[in-house]
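Student: Once you've had a glance at the structure underneath, I'll fire off some questions.
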Amino acid sequence: MVTVTEAMVEAYQRDGVVLVRGLWADWVEMLRAGVARNMAHPTQQMPTLKPGEPGDFFDDYCNWTRVPEFAAVIRQSAAAEVAARLMRSETVQLFHDHVLVKEPGTAKPTPWHTDGPYYFVEGRQTVSFWSPLDPVREASLRCVAGSHLWERDVLPTRWASETNFYPGQDDYMPVPDPEAEGMRILEWEMAPGDAVAFTFRTLHGARGNLATTRRRAFSLRLVGDDARYVERPGPTSPPFPGHGMQPGQRLREDWFPLIHPRAA
18 MVTVTEAMVE AYQRDGVVLV RGLWADWVEM LRAGVARNMA HPTQQMPTLK PGEPGDFFDD
78 YCNWTRVPEF AAVIRQSAAA EVAARLMRSE TVQLFHDHVL VKEPGTAKPT PWHTDGPYYF
138 VEGRQTVSFW SPLDPVREAS LRCVAGSHLW ERDVLPTRWA SETNFYPGQD DYMPVPDPEA
198 EGMRILEWEM APGDAVAFTF RTLHGARGNL ATTRRRAFSL RLVGDDARYV ERPGPTSPPF
258 PGHGMQPGQR LREDWFPLIH PRAA
């Protein structure tokens, strides 16, 4: 059983991030098998390292329909119920899955960013679960408490080229330097199956992996009652071509299934 206390819900609402111990503790081996299947047959890898940068960073998403291990964890684990409580939402829809594997010696940190501007969905009721499948210390996720309440979104950039994701747009705030600016950064040592839950608007990043072992992580992005489709200034990530949705609509359930409440 996964325990979600009211204090955890309040922390999530206040800070935009909370640690959920053991969310997928019983599913670690299945997720590892799914990651291995995904890495053997990638689909939508994104470049994250510049040529010549040390290490390797595997980054792929939207594979739950073809990786049965991911589908089983999404539909059978407690993630949907935990998400509903944290978001204070009656419903939970699947947005997408994401695999991130930092091999040993990958010194480059994951840049500070918020996920929301890359996506075609807006709403306060959102959650990403980031769960390591290996023990982590220095390579853990880092989140800036309260950043989900900032008035402006953070500028989305392309990690490899370090260019604006939507060229010509100036409606975003510059990417801050949380350490230099004295922001409250939350991070934890984590066991396999623990999960950091954070909103789509929470500023986050991760340290490089200087350990001698790889750091596999599985992420799951979910949305709640108030999430609606929104148009962006250019192609989003993930793109989902041909979705046919209009601004203000809920995400279509045939592409983004309702996973809470569960079907009878």
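With the working numbering as the guide, the letters of the sequence shown map in order to residues 18 to 281.
The beta-carbon is built from N, C-alpha and C at its ideal position, and this holds for glycine as well.
Remember, predicted model here, so these are calculated numbers, not experimental data.
#1: Around the Cβ of residue 115, are there at least 16 other Cβ atoms within 10 angstroms (buried) or fewer (exposed)?
#2: Any contact of the stretch 74 to 94 with the stretch 133 to 149, i.e. 3+ C-beta pairs under 8 Å?
#3: Could you tell me which whole beta strand (DSSP E) segments of length 3 or greater appear in the stretch 153 to 206?
#4: For residue 118 versus residue 207, is the C-beta spacing smaller than 8 Å?
#5: Smallest Cα separation from residue 268: which of 279, 250, 112 and 228?
#6: Answer yes or no: do residue 134 and residue 189 have a C-beta to C-beta separation smaller than 8 Å?
#7: Are the beta-carbon atoms of residue 210 and residue 41 separated by less than 8 Å?
#8: Quick check: what's the CA-CA separation for residue 183 versus residue 169?
#9: Under three-state DSSP, which class holds residue 232?
#10: Assign residue 218 to buried or exposed, taking buried as 16 or more other Cβ atoms, counted over all protein chains shown, within 10 Å of its Cβ.
#11: Measuring CB to CB, does residue 87 end up less than 8 Å from residue 39?
Tutor: According to the structure shown:
#1: It is buried - the Cβ of residue 115 has at least 16 other Cβ atoms within 10 Å.
#2: no
#3: 158 to 161
#4: Against a cut-off of 8 Å, the Cβ pair of residue 207 and residue 118 comes out as no contact.
#5: Out of 279, 250, 112 and 228, the CA that lies nearest to the CA of residue 268 is found in 112.
#6: yes
#7: yes
#8: 16 Å
#9: strand
#10: buried
#11: no
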